[in-house]
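J.: In the numbering used here, the protein residues as written are 17 to 437.
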């Protein structure tokens, strides 16, 4: 009889605890869903201001995606919704993959960051103002190589997908010049033409009159050179290497570097400020800004970066991630005082192809015709946010962009704290 009473008492305690746990979980889930719904309403209201045709967002931590959704249209004419599965190119946020790929290649023994670039290249690259000073891979990864893009970059890199849309592309106001599809060429040819003495586009002005390592100067050409060194050292194209070591392990199945890699039925249209469609285009220097991906995929990627910062990443070792996220610049690397007015200026300091903002956030921003992108995380809270838009931004659009970004910031911690365990 006593044993039965003890059994009943223990059973009651277990059942009571289980009910309390279930009740707590239900309450937490309800709070989480309520916050999701409230954020969705707020973002819909912001989209209705106009200015941006379509955008997608995500809030993530190192364990999961807390929120992801699209708003507006990926195709205004056909009224196709912009969703978290809509695919678009993400401009310079793509460069963060170069950093991960470099460290993976280093782990594999294929290269070392401190090596001179000429150890790997089939053509010579050196600063004509300081020919005896080697440019290293690390200089490329921190934008201190003394390579500068010059006007030639924007004149040579952008390629329209369809030749019959070339004249339309040229009529669109843009700081980039669009070229015919037959202007496409291998990375080696582009870089040799641009950087190597005797190259078709070579000029001393493609370099700063500064020693390598001395001055921060953001450069797309330098980033592409780093990606090309990955190709030479590993024997695989950059697209193949990143697919094998980044995209596939993270199950980023909607992502790729060419139109053949993605589902074109999910690819967004891109728009000018006044709503005209921008013809599809690619970049010869695709590693510096040509990743085509969805918000759902990039949420997985940002979660991995946060895990890596915490020493728990899946793609690289703890030591490699520590290298990527090291703050490697000082005041001496800047000619002028660093800008502290913009909280999300990713050029305040630099890791390896990833930036630090004045308030300590880590990530990257991107911009191309019809594209503006943000990807940052807070290293203190381990929460990150992404925002991709498919429209050129005037002042109204830029204000709307930052309002959306700030709105995500209002919810990020509450979503993280209420996420059901």
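Quick reminder that beta carbons are idealized off the backbone N, C-alpha and C, glycines included.
All of these numbers come straight from a predicted model, not from anything done at the bench.
1) Counting pairs of Cβ atoms below 8 Å between the segment 411 to 428 and the segment 131 to 151, do you hit three or more?
2) In or out: residue 405 buried (at least 16 other Cβ within 10 Å) or exposed?
3) With contact counted as at least three CB pairs below 8 Å, one residue from each stretch, are the segment 366 to 382 and the segment 253 to 266 in contact?
4) I'd like the ranges of any alpha helix (DSSP H) spanning at least 4 consecutive residues and lying wholly in the segment 201 to 265.
5) Given a cut-off of 8 Å, decide if residue 343 and residue 329 are closer than it, judged by their beta-carbon atoms.
6) On the criterion of 16 or more Cβ atoms from any shown chain inside 10 Å, does residue 308 qualify as buried, or is it exposed?
7) For residue 305, which of helix, strand or coil comes out of DSSP?
8) Given 8 Å as the limit, is there contact between the segment 222 to 236 and the segment 285 to 297, that is, 3 or more CB pairs closer than that?
9) Thinking C-beta only, is residue 218 closer than 8 Å to residue 210?
10) How many angstroms separate the CA atom of residue 86 from the CA atom of residue 201?
11) List the residues that DSSP assigns as beta-bridge partners of residue 393.
12) Quick test of the definition: if touching needs 3 or more C-beta pairs under 8 Å, does the segment 295 to 303 touch the segment 173 to 182?
13) For the segment 342 to 360 against the segment 99 to 107, do three or more pairs of beta-carbon atoms, one drawn from each stretch, fall closer than 8 Å, so that the two count as touching?
14) Say the cut is 7 Å; is the CB of residue 317 nearer than that to a heavy atom of the ligand MG?
15) Within 8 Å, do at least three Cβ pairs link the segment 153 to 170 to the segment 355 to 369?
16) Just checking my contact of residue 332 with residue 123 at CB under 8 Å: how many whole Å lie between their CB atoms?
17) Quick one: what does DSSP say residue 39 is sitting in, helix, strand or coil?
18) CA-CA distance, residue 425 and residue 310?
19) From this set, 150, 403 and 432, which residue's C-alpha is nearest residue 130's C-alpha?
20) Just to confirm the assignment, what range does the alpha helix (DSSP H) spanning residue 340 have?
21) Starting from residue 169 and walking both ways along the alpha helix (DSSP H), at which residues does that stretch end?
22) Express the C-alpha separation of residue 194 and residue 180 in angstroms, rounding to a whole number.
23) If you drop the 5 nearest sequence neighbours on each side, which residues of the same chain put their C-beta closer than 8 Å to that of residue 270?
24) List the endpoints of the continuous beta strand (DSSP E) containing residue 317.
25) Using a threshold of 8 Å, state whether the C-beta atoms of residue 223 and residue 145 are closer than that.
26) Under 7 Å Cβ to Cβ from residue 429, same chain only, skipping five residues before and after it: list those, please.
27) Looking at the structure shown, is residue 405 part of a helix, part of a strand, or coil, going by DSSP?
28) Kindly provide the ranges of any beta strand (DSSP E) runs that are 3 or more residues long and lie completely inside the segment 30 to 108, ordered along the chain.
29) By alpha-carbon positions, which one of 74, 95 and 345 ends up nearest to residue 83?
30) Please report the residue range of the alpha helix (DSSP H) in which residue 418 lies.
31) Is residue 16 helix, strand or coil when you go by DSSP?
32) Measure from the alpha carbon of residue 387 to the alpha carbon of each residue in 60, 70, 51 and 52, then state which is nearest.
33) Which residues in the same chain as residue 229 place their Cβ atom closer than 6 Å to its Cβ, once the five residues preceding and following it in sequence are excluded?
34) Taking residue 390 as the reference, which of 183, 417 and 323 has the closest Cα?
35) Determine the direct distance from the alpha carbon of residue 374 to that of residue 441, and round the result to whole angstroms.
36) Rounded to whole angstroms, what is the Cα-Cα separation between residue 169 and residue 191?
T.: The short version:
1) They do not touch, by the three-pair rule.
2) Counting from one through the chain shown, the residue named residue 405 turns up at place 389. With 16 or more other Cβ atoms from the protein chains shown falling within 10 Å of its own Cβ, residue 405 counts as buried.
3) no
4) 203 to 211, 236 to 250 and 254 to 258
5) Here residue 329 refers to the residue found at position 313 when the chain shown is read from its first residue. Here residue 343 refers to the residue found at position 327 when the chain shown is read from its first residue. No, these two residues do not count as a Cβ contact at 8 Å.
6) In the chain shown, counting from the first residue as 1, residue 308 sits at position 292. Counting Cβ neighbours within 10 Å, residue 308 comes out buried, since at least 16 surround it.
7) As a first step, residue 305 is located in the chain shown; it is residue number 289 there, counting from the start. Three-state DSSP puts residue 305 in coil, outside helix and strand.
8) no
9) On the chain shown, position 194 is the one that residue 210 refers to. On the chain shown, position 202 is the one that residue 218 refers to. Using a Cβ distance threshold of 8 Å, residue 210 and residue 218 count as a contacting pair.
10) Here residue 86 is taken as the residue at index 70 of the chain shown, counted from 1. Here residue 201 is taken as the residue at index 185 of the chain shown, counted from 1. Their Cα atoms are separated by approximately 35 Å.
11) Here residue 393 refers to the residue found at position 377 when the chain shown is read from its first residue. BP columns for residue 393 point to 378 and 400.
12) yes
13) no
14) The ligand MG is not part of this structure, which contains no ligands at all.
15) Contact between the segment 355 to 369 and the segment 153 to 170 is present: 3 or more CB-CB pairs across the two stretches fall below 8 Å.
16) As a working mapping, residue 332 is identified with position 316 in the chain shown. As a working mapping, residue 123 is identified with position 107 in the chain shown. Between residue 123 and residue 332 the Cβ distance is about 7 Å, and since that is below 8 Å, they are a contact.
17) Here residue 39 corresponds to residue number 23 of the chain shown, with the count starting at 1. At residue 39, the pLDDT of 44 sits below 50, so the modelled position is not reliable and the matter cannot be decided from this model.
18) Looking up residue 425 in the chain shown gives position 409. Looking up residue 310 in the chain shown gives position 294. Approximately 21 Å between the Cα atoms of the pair.
19) Within the chain shown, the letter at position 114 stands for residue 130. Ranking the options by Cα distance to residue 130, first place goes to 150.
20) Numbered from 1 along the chain shown, position 324 holds the residue referred to as residue 340. Unbroken alpha helix (DSSP H) run through residue 340: 334 to 340.
21) Within the chain shown, residue 169 is the residue found at index 153, counting from 1. Taken as a continuous stretch (DSSP letters only), the alpha helix (DSSP H) holding residue 169 covers 166 to 172.
22) The count along the chain shown starts at 1 and reaches residue 180 at position 164. The count along the chain shown starts at 1 and reaches residue 194 at position 178. Residue 180 and residue 194: Cα-Cα distance of roughly 12 Å.
23) For the purposes of this step, residue 270 is taken as residue 254 along the chain shown, with counting starting at 1. Same-chain partners within the cutoff: 101, 103, 278, 279, 282, 309, 310, 312 and 313.
24) Mapped onto the chain shown, residue 317 falls at position 301. Run containing residue 317: none in the beta strand (DSSP E); it sits in the alpha helix (DSSP H), 311 to 325.
25) Residue 223 sits at position 207 when you count from the first residue of the chain shown. Residue 145 sits at position 129 when you count from the first residue of the chain shown. Yes. Within cutoff.
26) Indexing the chain shown from 1 puts residue 429 at position 413. Taken in chain order, the residues that qualify are 397 and 399.
27) Taking the chain shown and counting its residues from 1, one reaches residue 405 at position 389. Three-state result, residue 405: strand.
28) 70 to 77, 81 to 91 and 103 to 105
29) Locating residue 83 in the chain shown gives position 67, where the first residue counts as 1. Selected option, being the one with the closest Cα: 74.
30) Residue mapping note: residue 418 aligns to position 402 of the chain shown, counting from 1. 411 to 434 is the extent of the alpha helix (DSSP H) around residue 418.
31) Any question about residue 16 goes unanswered here, given that the chain covers just 17 to 437.
32) Against the chain shown, residue 387 aligns to sequence position 371. The shortest C-alpha separation from residue 387 is found at 70.
33) Here residue 229 corresponds to residue number 213 of the chain shown, with the count starting at 1. Here the set comprises 155 and 160.
34) To locate residue 390, count along the chain shown from 1; it is residue 374. Of the listed residues, the one whose Cα sits closest to residue 390 is 417.
35) The shown model of the chain, from 17 to 437, leaves out residue 441, and the question about it has no answer.
36) Walking along the chain shown from the start, residue 169 turns up at place 153. Walking along the chain shown from the start, residue 191 turns up at place 175. Their backbone Cα atoms lie some 11 Å apart in a straight line.
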